[in-house]
Structures are given as structure tokens and as C-alpha cells.
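Asks: The structure under discussion is supplied below as C-alpha cells; questions concerning it will follow.
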Amino acid sequence: MVARMRTNYADELSLQDFAAENGVSLAYFSRLFKDEVGMTFSDYLTHLRVEKAKELLARGDLRPSDVSILVGYEDPKYFSQVFRRIAGMAPLDYQRSHQREP
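Numbering-wise, the working numbering puts 111 at position 88 of the sequence shown, and it's gapless, one number per residue.
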């Protein structure tokens, strides 16, 4: 399940779908996920998306609004809020400070 999330992080992934696919209740799957991974499903997905966004921003060839779409956020403003909460800075600031040399 984590491998699928790491591959399909930009898709609309839901805890309900994962639970149904595994034939278990939502509550059980949620508890199992947190026990195995150490954080909730939504927190893990959020952190995964932010980590992928950091990789894309560091390349320097994409605008933060484009990165937001690529990692699964339709609203660039919401992406910016989430990114700032997790990374401690705005996506553009992160890009400027981590841009790799060509």
C-alpha cells in the first residue's frame, strides 16, 4: 500500500478505497496504517506530496503552481499553505534556496 502511494501520490487516493480493496473496515485499516507507518494516512500522503514537490522545485524548471498540479493539488494556494506548514517556507522561497546548478 505504501509502495502504491509512493507511485501514485498525485492521484486522488483515499483511505476508504484502500480499506475496501483489502476487505477491512475503515477504522481497522486506519489503525493498521498508523501502526505500520507511524502517521495517519492523510498525514503520510501530505508529507509524501511535499517531499516530491521539493524534488521538483529543486530542479528549477517548473513554476510552483505547476508543481502543485503535478503532486496532486488542484489549488496552488492550498498547496502553498500545506507546503509552508510542512517545509517551513513558501514553495517559491524553497525553490530559490534549493535550486540545483545546471
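Glycine included, C-beta positions come from ideal geometry on N, C-alpha and C.
1. Closer than 6 Å by C-beta to F102: which residues in its own chain qualify, once you throw out the five before and the five after it? Chain order, please.
2. Please state whether the Cβ-Cβ distance between V67 and V60 is less than 7 Å.
3. Could you check which residue in P99, E44 and V105 has the C-alpha nearest to that of E74?
4. Once the 5 residues before and after R107 are set aside, which same chain residues still bring their CB inside 7 Å of it?
5. Suppose you measure from the CA of D34 to the CA of R86; what does that come to, to the nearest Å?
6. Report the start-end ranges of each beta strand (DSSP E) in the stretch 59 to 125 that is 3 residues or longer and not cut off at the edges.
7. Y32 and L71 - do their beta-carbons sit closer together than 7 Å?
Replies: Let me lay it out:
1. Along the sequence shown, one-based indexing puts residue 102 at 79. The residues are S91 and Y96.
2. For the purposes of this step, residue 67 is taken as the residue at position 44 of the sequence shown. For the purposes of this step, residue 60 is taken as the residue at position 37 of the sequence shown. Before going on, a small fix: residue 67 reads as Tyr here, not Val. A contact, by the Cβ cut-off of 7 Å.
3. Counting from one through the sequence shown, the residue named residue 74 turns up at place 51. Closest by alpha carbon: V105.
4. Position 84 of the sequence shown, counted from the start, is the residue given in the question as residue 107. Once the five neighbours on either side are set aside, the close Cβ partners of R107 are A113.
5. Within the sequence shown, the letter at position 11 stands for residue 34. Within the sequence shown, the letter at position 63 stands for residue 86. Computed Cα separation, rounded: 20 Å.
6. none
7. The residue given as residue 71 occupies position 48 in the sequence shown. The residue given as residue 32 occupies position 9 in the sequence shown. Yes, Cβ-Cβ distance for L71 and Y32 is below 7 Å.
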